[in-house]
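Residue numbers (my numbering), protein chains in the order written: chain A, 1 to 115; chain B, 1 to 115.
All remarks here apply to the structure that follows.
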DNA sequence: GTAAAGTCTGACGTCAGCGTCAATGTCAAG
DNA sequence: CTTGACATTGACGCTGACGTCAGACTTTAC
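And the structure:
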């Protein structure tokens, strides 16, 4: 499939898809005319990419993670990735916790000053 | 206190402190020579600011939230702030949850491919 | 009195994940 | 054959929270 179709089927803009490729997240074939030619699994790949990016993973990490989540049997190992993911998760967790603290203090503040 | 001292006592760079002022988060007095003159409570204010920014609040929201968390009795109300905070908290929460999902899948992947 | 250190106000640089032209090439339809 | 839709690369714009000069002034130390 060409970039327009993949764009429609994933919701990612063509610009985003080219950007993903530039970042090494996708490696589509090229047709004779130079057009990008994506395989059918590209849809799932892009969806995974977008999900990971939305969560907050930097594209470099997504690039490393991707073969581990998609490939049934990855040829290369994924050393240290688990630790990186866990670190990021802990970071997000602590932020969530602190956000709750802030929300609680604001909440009680609003209660006290109930007009 | 001058900007250098506040910088040392908070860990925020002078540049950051000026930026906070520019964003309306701080309003230090000015000495006769034009130097910024921060009161003693500025330390706590800056710490709060940094904490909120680190959590992910945009500076505009911090500006609105700040008088509610710091001021014992704020003159102005904080309408809608609670909702914004809650929305952000939910967002961070869901991201944390999805991160855990990713981490779990990666974790099981690594188990299967234990070298 | 002079040099070093601190402060001031611009203003441009940075990184990420794209948006948005711009100029050009290619393919399907009439 | 020409129009129009879709493709290509290249490059600049954008937002946020600052970093990093540059040039000028003030204060501090000796």
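Cβ coordinates follow ideal geometry from the N, Cα and C atoms, glycine included.
Small disclaimer: the values here were computed from a predicted structure and weren't measured.
Using a 10 angstroms sphere on the CB of residue 2 of chain B, the tally of other CB atoms stays under 16, which defines it as exposed.
Inter-residue distance for residue 64 of chain A and residue 48 of chain B is about 35 Å (C-alpha atoms, whole angstroms). Counting only the Cα atoms, residue 36 of chain B lies some 50 Å from residue 66 of chain A.
What residue 56 of chain A touches in chain B, judged by beta-carbon distance under 7 Å, is 95, going in chain order. It is roughly 15 Å from the alpha-carbon of residue 10 of chain B to the alpha-carbon of residue 28 of chain B. The beta carbon of residue 47 of chain A sits no closer than 9 Å to any beta carbon of chain B.
Taking C-beta atoms as the reference points, residue 23 of chain A and residue 60 of chain A count as a pair closer than 9 Å.
If you draw a straight line from the Cα of residue 19 of chain B to the Cα of residue 89 of chain B, it comes to about 25 Å.
Under DSSP, residue 30 of chain B forms a beta bridge with B:36. Between residue 99 of chain B and residue 62 of chain A, the gap from beta carbon to beta carbon reaches 9 Å or more. Rounded to the nearest whole angstrom, the C-alpha separation of residue 42 of chain A and residue 6 of chain A is 8 Å.
Residue-level contact by beta carbon fails for residue 63 of chain A and chain B, as no gap is shorter than 9 Å. Contact check for residue 52 of chain A against residue 102 of chain B passes: the beta carbons are separated by less than 9 Å. When the alpha-carbon of residue 15 of chain B is set against those of B:97, B:95, B:33 and B:46, the nearest one is in B:46. Residues of chain B whose Cβ lies closer than 8 Å to the Cβ of residue 69 of chain A are, in chain order, 102, 105, 106 and 109. Here the alpha carbons of residue 109 of chain A and residue 8 of chain A stand approximately 47 Å from one another. Around the Cβ of residue 95 of chain A, a 10 Å sphere holds 16 or more other Cβ atoms; the residue is buried. Chain-order list of chain B residues neighbouring residue 99 of chain A: 55, 88, 89 and 92, by C-beta distance under 7 Å. Relative to the Cα of residue 55 of chain A, the nearest Cα in the group A:85, A:4 and A:112 belongs to A:85. Separation of the CB atoms of residue 82 of chain A and residue 107 of chain B is rounded to 6 Å, and the pair is thereby assigned contact status at 8 Å.
Where residue 87 of chain A is concerned, the enclosing alpha helix (DSSP H) starts and stops at 81 to 112.
Taking a beta-carbon distance threshold of 9 Å, residue 12 of chain A does not count as an interface residue toward chain B. The beta carbon of residue 12 of chain A is closer than 7 Å to those of 46 and 50 in its chain, skipping five residues each way along the sequence.
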